[in-house]
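Here's the structure we're looking at; comments come further down.
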Amino acid sequence: MFKRSIIEVEIKEIDPFEEKSNLLRYLDLLRSSKVLIIGDIILDQYIWGKVSRISPEAPVPVVEERGSTERLGGAGNVLNNITSVGGDAVICAVVGEDGKGKRIKEILKEMGVPLDGLIVCRDRPTTVKTRIIAHNQQVVRLDREKTDIIDDNIQKRILDLASSMAYQIDGILISDYGKGVICQNIVEGLKSIAKKSGIPICVDPKVKNFNLYSEVTLITPNHHEAGQFYGIHIDNNSSLLEAGRGIIEGLSCENLLITQGKYGMTLFERDGGIYHIPASAKDVYDVTGAGDTVIAVITLALSSGISLRSAAIMANFAAGVVVGELGTYAVKREDLEGIFKGRR
2 MFKRSIIEVE
12 IKEIDPFEEK
22 SNLLRYLDLL
32 RSSKVLIIGD
42 IILDQYIWGK
52 VSRISPEAPV
62 PVVEERGSTE
72 RLGGAGNVLN
82 NITSVGGDAV
92 ICAVVGEDGK
102 GKRIKEILKE
112 MGVPLDGLIV
122 CRDRPTTVKT
132 RIIAHNQQVV
142 RLDREKTDII
152 DDNIQKRILD
162 LASSMAYQID
172 GILISDYGKG
182 VICQNIVEGL
192 KSIAKKSGIP
202 ICVDPKVKNF
212 NLYSEVTLIT
222 PNHHEAGQFY
232 GIHIDNNSSL
242 LEAGRGIIEG
252 LSCENLLITQ
262 GKYGMTLFER
272 DGGIYHIPAS
282 AKDVYDVTGA
292 GDTVIAVITL
302 ALSSGISLRS
312 AAIMANFAAG
322 VVVGELGTYA
332 VKREDLEGIF
342 KGRR
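The number in our numbering is simply the position in the sequence shown, starting from 1, with 1 added.
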């Protein structure tokens, strides 16, 4: 719960609905930009079924499989969100030399995304998250992964690819799921590329790697991650302010956006401005992938020359769409257009 406190006056409240007409105009700007995504690509598997009995072998439900789907997750879901709202993106990521890696290649090919940045690694499996769902509820999740840091040779290949693409991109996005791709060498190399090119670099962070993200344009942790890193429990505006200010000063990052679930998100700017954006979601069914949507939309917007506050408001609306869907969902341009025109 984010309770009111006497410090709340320091946070300026933004009414996102007052910005809808401006955001509608900005949608067309998203088509002009290309974002380079570096991070952990995941294959999300969904097995859909029905539970009608308990197993005689153990006190667990027996799920009768009725169907299955496969989608890109992690950095792949970020890619999905950028392309589905009209932006352009290329991805640098690692897959295993296995069937699931081939499946990721097939999906990317179907999307028309170049495969140049997809590196096949023989000594690690493709990261797969398998979710078994019955009656619209997740029963269990199985993870297949290796989280060791990728070796120096793979790191060099990623940075070489990123450098070769620098002239054709408008922003860099780091999607860190802690699966081994994001490490100090990768982050330092990407920050150097962004600085030389004069483009934004934004990060969806993993807590263990927070210290790597000094001097980036923006990081977007949720309130649990921000509190864990700063060492406090964020449950009111006072603790939110303490953690937010502490992180932005300690990391010397330019900006910080802390997402707060049904309470919206709070933007901390380097110059001291603090802005709260209330959540726009009418219904919340599944928060899976909401963080991917936020970092995707805000990075694409910043790369398109849209102001940080307007980019954050747009990302807030986009996240509101995603949490109203079951399973990994990529927000579409039509979703946002409908909201900004008042049809949703």
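Note that the Cβ used here is the ideal one computed from N, Cα and C, for glycine as well.
For residue i: DSSP bridge partner residues
i: Asn223; result: Thr260
i: Ile55; result: Pro62
i: Glu14; result: His277
i: Lys35; result: Asp89
Of the residues the options, the one placed nearest residue i, counting alpha carbons only
i: Leu219; options: Asn186, Asp153, Ser164, Ala302; result: Ala302
i: Pro279; options: Thr267, Arg271, Ala331; result: Thr267
i: Ile175; options: Met166, Ile235, Val188, Val140; result: Val188
i: Glu338; options: Val322, Tyr214, Val208; result: Val322
i: Pro17; options: Ile150, His277, Ala297; result: His277
i: Asp171; options: Arg158, Gln156, Leu162, Ser198; result: Ser198
i: Met112; options: Val121, Ile92, Cys122; result: Ile92
i: Val298; options: Ile55, Ala90, Glu58; result: Ala90
i: Ile350; options: Ile134, Arg104, Ile83, Asn81; result: Nothing in the structure corresponds to residue 350, since the chain is present only between 2 and 345.
i: Gln138; options: Pro62, Asn154, Arg145; result: Pro62
i: Pro206; options: Cys184, Ser193, Ile194; result: Cys184
i: Phe269; options: Ser281, Cys254, Gly262; result: Cys254
i: Thr84; options: Gly290, Val64, Arg334; result: Arg334
i: Glu216; options: Tyr178, Leu252, Gly228; result: Leu252
i: Gly306; options: His224, Leu191, Lys35, Lys13; result: Lys35
i: Gly50; options: Leu162, Leu242, Val140; result: Val140
i: Arg142; options: Arg132, Gly262, Ile55; result: Arg132
i: Ser304; options: Lys147, Arg246, Ile38; result: Ile38
i: Asp153; options: Val86, Ala312, Asn186; result: Asn186
As assigned by DSSP and simplified to three states, the class of residue i
i: Glu71; result: strand
i: Leu44; result: strand
i: Pro60; result: coil
i: Ile7; result: For Ile7, the pLDDT reaches just 37, beneath the cut-off of 50, and the residue's location in the model is therefore unreliable, leaving the point undetermined.
i: Ile307; result: coil
i: Gly50; result: strand
i: Met2; result: Note that Met2 scores 44 on pLDDT, short of 50, meaning its location in the model is unreliable; the coordinates nonetheless yield the value given after this. If DSSP states are grouped into helix, strand and coil, Met2 belongs with coil.
i: Ser176; result: strand
i: Gly113; result: coil
i: Arg334; result: helix
i: Val322; result: helix
i: Arg125; result: coil
i: Thr329; result: coil
i: Glu255; result: coil
i: Gly232; result: coil
i: Asp108; result: As written in the sequence, residue 108 is Ile, which differs from the Asp given in the question. The answer is helix: DSSP assigns Ile108 an H, G or I state.
i: Val182; result: coil
i: Asp171; result: coil
i: Ile150; result: coil
i: Gly339; result: helix
i: Gly102; result: helix
i: Gly290; result: coil
Boundaries of the beta strand (DSSP E) in which residue i is found, first to last residue
i: Ile97; result: First, the residue type needs correcting, since residue 97 is Gly and not Ile in the sequence shown. Per DSSP, Gly97 belongs to the beta strand (DSSP E) from 89-97.
i: Tyr276; result: 275-278
i: Asp205; result: 202-205
i: Ala135; result: 129-135
i: Ala267; result: First, the amino acid is wrong: residue 267 is Thr here, not Ala. Here the beta strand (DSSP E) through Thr267 covers 266-270.
i: Arg142; result: 138-145
i: Leu119; result: 119-122
Unbroken alpha helix (DSSP H) run spanning residue i, endpoints
i: Glu243; result: 238-252
i: Ser164; result: 153-166
i: Glu189; result: 185-198
i: Ser215; result: Ser215 -> no alpha helix (DSSP H), and no H or E assigned at all.
i: Arg26; result: 21-27
Residue i: CB within 7 Å of a non-hydrogen atom of the ligand ATP
i: Asp16; result: As for the ligand ATP, it is missing from this structure, which has no ligand bound.
Check whether the segment 35-51 and the segment 68-79 touch, using three or more Cβ-Cβ pairs below 8 Å as the test. yes
Are at least three pairs of beta-carbons, each pair with one atom in the segment 220-230 and one in the segment 256-264, less than 8 Å apart? yes
The segment 158-173 touching the segment 196-216, judged by at least three CB pairs closer than 8 Å: yes
Does the structure place the segment 126-137 close enough to the segment 95-104 that three or more beta carbon pairs sit under 8 Å? yes
Flag this pair as touching only if the segment 157-172 and the segment 104-124 have three or more C-beta atom pairs under 8 Å; answer yes or no. yes
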